[in-house]
Amino acid sequence: TFWCHITHKNVALNAISYHCFIHREALAAKELGEELHDVKMNAVKIVNHIKSSVFIIRLFELLCSEMCAEHKHLFYYTEVLWLSRRWVLQRLFELRQEVYSFLLNKDECSKNC
Numbered sequence: 118t119f120w121c122h123i124t125h126k127n128v129a130l131n132a133i134s135y136h137c138f139i140h141r142e143a144l145a146a147k148e149l150g151e152e153l154h155d156v157k158m159n160a161v162k163i164v165n166h167i168k169s170s171v172f173i174i175r176l177f178e179l180l181c182s183e184m185c186a187e188h189k190h191l192f193y194y195t196e197v198l199w200l201s202r203r204w205v206l207q208r209l210f211e212l213r214q215e216v217y218s219f220l221l222n223k224d225e226c227s228k229n230c
């Protein structure tokens with residue numbers, strides 16, 4: 118088989134241990150405590166709300182530009198791409214002030230408009 122061939126040639130001796138490590142991490146993340154699961158779900162709701170329409174995305178990008186943010190985009194979370202979880206949470210954390218301002222202004226606008 119292919120796996121026997123590459124291990125026989127000493128090409129990827131550590132590949133199986135890396136795979137097991139990543140797989141173990143993914144399984145552990147699924148079994149997070151209730152509090153961490155709630156944090157993840159709230160983060161996903163926030164990102165999905167901002168990514169829900171092109172208009173909202175453009176408003177958020179404009180706000181990030183005005184606030185001189187390092188990034189202007191949030192990553193969309195999908196359950197299929199479980200490796201994306203880290204990037205979604207990291208980018209949301211990096212843009213936390215911009216997201217807070219955006220949601221605060223959006224709520225004020227919806228009350229006054």
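Start counting at 1 in the sequence shown, then tack on 117, and there's your number in the numbering used here.
Glycine included, C-beta positions come from ideal geometry on N, C-alpha and C.
Under the three-pair Cβ rule at 8 Å, the segment 200–207 does not count as touching the segment 172–186. Nearest neighbour of residue 218 by Cα position, chosen from 163, 155, 154, turns out to be 163.
A residue is called buried when at least 16 other Cβ atoms come within 10 angstroms of its Cβ; residue 215 meets this threshold and is buried.
Proximity to residue 211 across 186, 195, 201 peaks at 186, based on C-alpha coordinates.
Taking the Cα of residue 170 as reference, the smallest distance to any Cα among 160, 213, 152, 191 is reached at 191. Around the Cβ of residue 221, a 10 Å sphere holds fewer than 16 other Cβ atoms; the residue is exposed.
Under the DSSP assignment, residue 170 falls outside any alpha helix (DSSP H); it carries neither an H nor an E label.
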